[in-house]
Each structure stands twice: as C-alpha cells, then as structure tokens.
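Structure record follows, encoded as structure tokens.
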Amino acid sequence: LTDSLDRNFRLQAGRSRSSVTPMSNPDSNFRVTTPLSVSAVRGTDFRVGFDEGAGKAMTEVVGGTVGVAPDEEKDEVGVPRGYGVIGTPEGIQPPVKLLQPPELASLARGGGDAVVVSFKPVEGAKAYRVQLAGDLPFRDVLAESTTEESSVSFPGLGSTPFFVRLTAIATSGLEGVPGTYASGRRVDAPEGHSARDEGAPAIPPLQTSMRADGRTSPATIGTDPALR
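Residue numbers (the numbering used here): 8 to 235.
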C-alpha cells in the first residue's frame, strides 16, 4: 500500500560490502543479518562480517550511518561513518573508531610479470587487505590479498592498468577505512557518496612499467598510450 521495499540479506559466514542508494520512501529498508546482528540502513556504504569460530559479527561503516542491533526486536546502536561495532552472544559492543588506511609507499615490478605493492604500516593494525581493480568502483577486482607484512606481490598482471585499495585490520578484527589510490594519489569519494557511485570521477588507473631484463622498476603513472 505504501510502495515500500524491504531488502533483507542473511550472511552466514565471511564478509560483504554494501553500497546502498538512498531510498525515497521512508518505509523502505535494507538489512544485512548475521546470527549475531542486524545492520539496517537507508542509504550508506558499509561492510558486514561474521566469524563463527570467533563468535562475533562485525559492522564497519564507510559512509553514512548504520543501525546495528542483536536482532530485530532489540534497540539499535547508531554507528556513524568511520566507526565499527562488534556483535557477540552477549550483545552489541560500543562503536569504536576504525583504523585509517595505510599510505601507499610504492609500486614496483617484481619477478616476471608480478606487481609489488608497498605501503606504510598503521599503528594498531594486525594485518592489511590489498585489492587491485580495473575500475574505480572496484566492481572488477583483479586480485586481492590479506597480509601481515607491509608489502604484497601480485603475479600475472602483465601491463594491466589498475587501482589500489588498502585497508588496515585492527587486532579486534574490525577492518578500517579504505584508501583508494590512482595516478599516484589517494582518491576520496565526496561526502555522503561512495567510490562505487555511478557519478564517481573519471580518474585514470595506475599503469606499471616493465623492463625486459626482469629487474624491479618503479611504476609509471598514467594511462597515456606513450606510457604503456
């Protein structure tokens, strides 16, 4: 009768990331449910993870605000942008500030056609997630790795241009704010928008250089054909 739309997703294991376009009908809802939490939004960018072995669910807010509750019958905890919460069998813990993204230090060509991504460590991080994608919204993910080191090598990329996204993972397991890099600088989405938005700026990806002798060489930045 109200033309509202309820979108409900259940996460049994692993992680998800959602970018939700603001809904014009206030009665519409978007929920991601785990065995320990319900994350409800009407327009935002957030991640939800569930680790059955550790007995906890995690909600990390990249943009907007998310309401998180142990179940649909309990009161929500409001989680703002740049914060995250952990849900346990005892309930939802208070929001904590997410770690800031690592700063990209360098890109280099490793052995063969591998690309080595190096970044500066983040205080409080136990691990890092590194993603490479062929597009700024990161729909076309080319490679991904989680590492405890401050560099990671990705084989088999050849001369494919790409964007780099870095996040730091806290000892609590909460994954931090993402940093996306292109053309030698960090790319930030406008306030209230996600890098996944259709209106994201057309920024050229990174283009790595290659040497015939297989030795490591620094990255060449840009998409001009002369650089390829």
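No residue lacks a Cβ here, since even glycine has one placed at the ideal position from N, Cα and C. In this text, all values refer to a predicted model and were calculated from it rather than measured experimentally.
Residue span of the beta strand (DSSP E) that contains residue i, given as start and end
| i | result |
| --- | --- |
| Gln-138 | 132-140 |
| Leu-111 | 111-116 |
| Asp-13 | 13-17 |
| Val-48 | 44-48 |
Residue i, DSSP secondary structure in three states
| i | result |
| --- | --- |
| Arg-146 | coil |
| Lys-104 | strand |
| Gly-119 | coil |
| Val-129 | coil |
| Thr-95 | strand |
| Thr-51 | coil |
| Ala-20 | coil |
Nearest-angstrom Cβ-Cβ length linking residue i and residue j, presumed shorter than 8 angstroms
| i | j | result |
| --- | --- | --- |
| Thr-72 | Arg-88 | 7 angstroms |
| Thr-40 | Arg-17 | 5 angstroms |
| Thr-167 | Lys-133 | The pair is not a contact, with the Cβ atoms about 30 angstroms apart (cut-off 8 angstroms). |
| Leu-111 | Phe-126 | 5 angstroms |
| Val-171 | Val-123 | Their Cβ separation, rounded to whole angstroms, is 12 angstroms, which puts Val-171 and Val-123 out of contact at 8 angstroms. |
| Ser-44 | Pro-77 | 6 angstroms |
| Pro-162 | Gly-119 | 7 angstroms |
Environment of residue i [buried if 16+ CB atoms lie within 10 Å]
| i | result |
| --- | --- |
| Ser-46 | buried |
| Ala-61 | exposed |
| Thr-153 | exposed |
| Arg-54 | buried |
| Ser-113 | exposed |
| Gly-5 | No answer is possible for residue 5: it lies beyond the span of the chain, which begins at 8 and ends at 235. |
| Gln-19 | exposed |
| Lys-63 | buried |
| Pro-101 | exposed |
| Arg-136 | buried |
| Gly-131 | exposed |
| Glu-182 | buried |
C-beta neighbour in chain D for residue i, strict 8 angstroms
| i | result |
| --- | --- |
| Gly-183 | Any reference to chain D falls outside this structure, which holds one protein chain only. |
> Enumerated in chain order, which unbroken segments of the alpha helix (DSSP H) with a length of 4 residues or greater are wholly contained in the segment 148-193?
Replying inline: Those alpha helix (DSSP H) runs which fall completely within the segment 148-193 and span 4+ residues do not exist here.
>> My parser needs the alpha helix (DSSP H) runs of 4 or more residues fully inside the segment 54-92; what are they?
In response: none
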